[in-house]
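Input: a single structure, listed below in structure tokens.
There are 2 protein chains.
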Amino acid sequence: MENFNFKAYSEMIFGKGQITNLPEVISRYGKNILLAYGGGSIKRNGIYDSVKKLLKDYNIIELDKIEPNPKIETVRRGVKLCKENNIDVILAVGGGSTIDCAKVVAAGAFYDGDPWDLVTNPEKIDKVLPIVTILTLAATGSEMNGNAVISKMDTNEKLGTASVNMKPQVSILDPEYLYTLPSIQTAAGTADIMSHVFESYFKKTEGAFVQDKFSEGLLETCIKYCPIALKDPTNYEARANLMWASSMALNGLCGSGKPGAWTCHPIEHELSAFYDITHGVGLAIVTPRWMRYILSENTVDKFVDYAINVWKLEPKEDKFALANEAIDLTEKFFKDCGIPMTLKEVNIDETHFDEMAKGAVNMVL
Amino acid sequence: MENFNFKAYSEMIFGKGQITNLPEVISRYGKNILLAYGGGSIKRNGIYDSVKKLLKDYNIIELDKIEPNPKIETVRRGVKLCKENNIDVILAVGGGSTIDCAKVVAAGAFYDGDPWDLVTNPEKIDKVLPIVTILTLAATGSEMNGNAVISKMDTNEKLGTASVNMKPQVSILDPEYLYTLPSIQTAAGTADIMSHVFESYFKKTEGAFVQDKFSEGLLETCIKYCPIALKDPTNYEARANLMWASSMALNGLCGSGKPGAWTCHPIEHELSAFYDITHGVGLAIVTPRWMRYILSENTVDKFVDYAINVWKLEPKEDKFALANEAIDLTEKFFKDCGIPMTLKEVNIDETHFDEMAKGAVNMVL
């Protein structure tokens, strides 16, 4: 286990009906709210109306139409609204894209230059407006960390930035908000959660046993509950465990003490930057191929752990056979969840492979 | 899974040599430090000298001789020192007892009455001095939560109090500080960690799968690494995993969404209140007996999970046989770690049983 610093200070208010705490939470920060949200699903499922009703005594300015892979133009629009309206707090209602966008807007509100600088140079992030989130998708973990991923389509760049100051102050997680998700979002979100865990779990650091046990537990959670949520979308237990797994997968619990670069995420970010596909779908496609690629004498023991502890396979003498069985089950799991599992199915061909490969490597360096 | 609020905001600075961050950490709060510590082990192992050297530019007032079950008299002494010396921050160097004492001192510094009020009425805890800890024992989890247990021996009371405001701001965890622990402290500390997990794990709440997986992972960590640390006290990996498990076992990860009273802790607190025994030893003695007592048709399935997922026993048809096997292994584990496993061995007889039983039940109510 390597040295680390763990700070997960976001207050997580979890459970059905917890949105009633919103007025008290917002009152901690001020009167002027920037309400950030996406394409309008929160209008269809009633969350938008609940928020407006609960916050009727506040001044609300809206930043709407945040894209699934949020664009720097939207961030700029949000920063302008903050500066023009003396915003005190940003309320992000949505999934990871909305929350990521809100984070860079919150940092941009105190930055004089173009907010894209805050994406390419995270050290420029200083003071940040307080961020409160209401989560509507179990996937990115953005509700409990300081990370944000922003796209700049004119240069095919999709880059991550991070700052401890961008961690949400408070996140409200109501599993019932996941009931109306399209199946593909439930599945792709689960793939995203699992990928966050994989990125840490398969790192080379030895002896981070606590972290690896947490990782295996979260993977088991995804494997157990995603199929239930797909079959029975209003199953509270399934939604609750997936939602909590989302926050736990990328708040430092699994990655602390295991430093080093990620792999599948940089590769997938290239796919999304060039083709604007759903992040979790890209990850699901990349992951089993990446697993087969890295399987070697050096990594096989970790795959054996994965096979036995996560997939509950019986130990066997041929370690590689066991490892491959676990990888095959991973691929089958994503497929059974309804995720398209080839690049062809998401209309990606070889055209930009070289360029994307360079981009992915640059991102890691 | 029941609704919950999770807030684990303590910054955890983990790993070898991390004490070098102490001056920067302390500088966030002010110049006047109350240095709280116990019986002098930190003088023997060099931590005291390191702290004094690193903080040579600060004003340090000392609160020493904090007892293993910290007494209210010591808290009063600390509060007096804070008020007389304009203390800005309390630096607690030690295990749970030192940190618990520091917490109530920190709250008492802003309270006009007797600090025992803050133990009997936690709602009286308001403003609290910032607390920084340097942990020297893996056991109570006090380094990452707002709990404190204080004893009043003249009335045989050992009571817990809690406030989110008493959570340490920063905790520095260096696994190497555990190298010189007496074996019984390593073993009793591990029993304490496991007991914190058991208290949540065996609650009746259904469907808190993530929490239960975390719990099982922490139990596996204790079972794997305590014997290694006992045999090879300078094994870094063992010490690091036990130390991190201590913080994770009682910061809300295992208990969130699983409300309800604890059982073994209130019973053990009575043993300590009357006989001043080591907390972890009392817990180890009580736990397997309590497990056998609660084993029933209602609880057997949870014990089957415990048997299979934690002790890696083979599933078998007779669920009660499997459950009892797991309980027997729990008792054997504590015994093999060198913990005296009968009340007789720690000089406790039946004299106060009735009184203690009433006290334990009152505590739960």
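Top line first, the protein sequences correspond to chains X and P.
So our numbering is basically just the index in the first sequence, starting at one, shifted up by 556.
So our numbering is basically just the index in the second sequence, starting at one, shifted up by 556.
Backbone N, C-alpha and C define an ideal beta-carbon position, used for all residues, glycine too.
(1) Determine whether the beta carbon atoms of residue 676 (chain P) and residue 715 (chain P) lie at a separation below 8 angstroms.
(2) Measuring only between beta-carbons, confirm whether residue 655 (chain X) sits less than 8 angstroms from chain P.
(3) In terms of residue numbering, what span does the alpha helix (DSSP H) encompassing residue 755 (chain X) cover?
(4) Please name the residue, chosen from X:681, X:682, X:706 and X:777, that lies closest to residue 628 (chain X) on a Cα-to-Cα basis.
(5) Restricting to runs no shorter than 4 residues, where is the alpha helix (DSSP H) found entirely within the stretch 837-891 of chain P?
(6) Here's the rule: buried if 16 or more other CB atoms are within 10 angstroms of the residue's CB, otherwise exposed. What is residue 703 (chain X)?
(7) Taking residue 597 (chain P) as the reference, which of P:651, P:674 and P:840 has the closest Cα?
(8) Can you tell me which residues form a DSSP beta bridge with residue 828 (chain X)?
(9) Does residue 714 (chain P) have its Cβ less than 8 angstroms from a Cβ in chain X?
(10) For my contact list, residue 804 (chain P) and residue 729 (chain P) are in at a C-beta cut-off of 8 angstroms; report their separation, rounded to the angstrom.
(11) Could you check whether the Cβ of residue 527 (chain X) sits closer than 8 angstroms to any Cβ belonging to chain P?
(12) Which whole-angstrom value is the C-beta distance of residue 661 (chain X) and residue 634 (chain X), which I expect to be below 8 angstroms?
(13) Since residue 758 (chain P) and residue 855 (chain P) are thought to touch, with beta carbons under 8 angstroms apart, how far apart are those beta carbons, to the nearest angstrom?
(14) If residue 616 (chain P) sits next to residue 591 (chain P), beta carbons under 8 angstroms apart, how far is it from one beta carbon to the other, in whole angstroms?
(15) I want to verify the contact list: residues of chain C whose CB lies under 9 angstroms from the CB of residue 804 (chain P), in sequence order.
(16) My output table needs one value for residue 577 (chain X): the three-state DSSP class, helix, strand or coil.
(17) Do you know offhand how far residue 732 (chain P)'s Cα is from residue 570 (chain P)'s?
(18) Between the beta-carbon of residue 694 (chain P) and the beta-carbon of residue 773 (chain P), is there less than 8 angstroms?
(19) Roughly how many whole angstroms lie between the Cα atoms of residue 640 (chain X) and residue 630 (chain X)?
(20) For residue 824 (chain P) and residue 872 (chain X), what's the separation of their Cα atoms in angstroms?
(21) Mind checking which residues open and close the beta strand (DSSP E) that includes residue 648 (chain X)?
(22) Between residue 800 (chain P) and chain X, is there a C-beta pair that is closer than 8 angstroms?
(23) Just how far apart, CA to CA, sit residue 632 (chain X) and residue 828 (chain X)?
(24) Which partner residues of residue 593 (chain P) appear in the DSSP bridge assignment?
(25) In three-state DSSP terms, what is residue 612 (chain P)?
(26) Give, in chain order, every residue of the stretch 751-762 of chain P whose Cβ lies closer than 8 angstroms to some Cβ of chain X.
(27) Looking at C-alpha atoms only, which residue of X:869, X:918 and X:770 is the closest neighbour of residue 818 (chain X)?
(28) When you check each C-beta in the stretch 813-830 of chain X against every C-beta of chain P, which residues fall closer than 9 angstroms?
(29) Measuring only the C-alpha atoms, how far is residue 755 (chain P) from residue 880 (chain P)?
(30) Is the Cβ of residue 651 (chain X) closer than 8 angstroms to any Cβ of chain P?
(31) Looking at residue 814 (chain P): is its Cβ nearer than 8 angstroms to the Cβ of residue 558 (chain P)?
(32) Please compile the residues from chain X whose C-beta is within a distance smaller than 8 angstroms of the C-beta of residue 780 (chain P).
(33) So, with DSSP's three-state summary, where would you put residue 557 (chain P)?
(34) So with CB distances below 7 angstroms, who are the chain P contacts of residue 574 (chain X)?
(35) May I ask you to report which of helix, strand or coil DSSP gives residue 792 (chain X)?
(36) Going by the DSSP bridge assignment, what does residue 922 (chain X) pair with across the sheet?
Here's the rundown:
(1) In this structure, residue 715 (chain P) lies closer than 8 angstroms to residue 676 (chain P) by Cβ.
(2) So, not an interface residue.
(3) Run containing residue 755 (chain X): 739-757, per the alpha helix (DSSP H) assignment.
(4) Closest option to residue 628 (chain X), judged by alpha-carbon separation, among X:681, X:682, X:706 and X:777: X:706.
(5) Qualifying alpha helix (DSSP H) stretches, in chain order: 856-861.
(6) When all chains shown are included, residue 703 (chain X) counts as buried.
(7) Nearest of P:651, P:674 and P:840 to residue 597 (chain P), Cα basis: P:651.
(8) Partner(s): none; residue 828 (chain X) has no beta bridge.
(9) Using beta-carbon distances, residue 714 (chain P) does not count as an interface residue toward chain X, since no partner is under 8 angstroms.
(10) Contact doesn't hold; Cβ gap of about 11 angstroms is too wide.
(11) The displayed coordinates of chain X run from 557 to 921. Any statement about residue 527 (chain X) would go beyond what the structure contains.
(12) The Cβ separation is near 3 angstroms, so the contact holds.
(13) Between the beta-carbon of residue 758 (chain P) and that of residue 855 (chain P) there is about 7 angstroms, and that keeps the pair under the 8 angstroms contact cut.
(14) Between residue 591 (chain P) and residue 616 (chain P) the Cβ distance is about 5 angstroms, and since that is below 8 angstroms, they are a contact.
(15) This model lacks chain C altogether, as its protein chains are X and P.
(16) Note: residue 577 (chain X) maps to helix in three-state DSSP.
(17) Roughly 11 angstroms separates the two Cα atoms.
(18) A distance of 8 angstroms or more separates the beta carbons of residue 694 (chain P) and residue 773 (chain P).
(19) Approximately 15 angstroms between the Cα atoms of the pair.
(20) Between residue 824 (chain P) and residue 872 (chain X), the alpha-carbon positions lie close to 44 angstroms from each other.
(21) Looking at the DSSP string, the run of the beta strand (DSSP E) that includes residue 648 (chain X) is 645-650.
(22) Closer than 8 angstroms: yes.
(23) Residue 632 (chain X) and residue 828 (chain X) have their C-alpha atoms roughly 21 angstroms apart.
(24) Answer by DSSP bridge pairing, in chain order: P:649.
(25) Residue 612 (chain P) sits in coil when the DSSP states are folded into three classes, being neither helix nor strand.
(26) Cβ contacts with chain X come from 762.
(27) Answer by Cα proximity: X:918.
(28) Under the 9 angstroms Cβ criterion, the stretch 813-830 of chain X contributes 813.
(29) The C-alpha of residue 755 (chain P) lies about 18 angstroms from the C-alpha of residue 880 (chain P).
(30) No, no contact with chain P.
(31) The Cβ atoms of residue 814 (chain P) and residue 558 (chain P) sit closer than 8 angstroms to each other.
(32) The answer, in chain order, is 765.
(33) Note: residue 557 (chain P) maps to coil in three-state DSSP.
(34) In chain order: 559.
(35) The answer is helix: DSSP assigns residue 792 (chain X) an H, G or I state.
(36) The requested residue 922 (chain X) is not part of the displayed model; chain X covers only 557 to 921.
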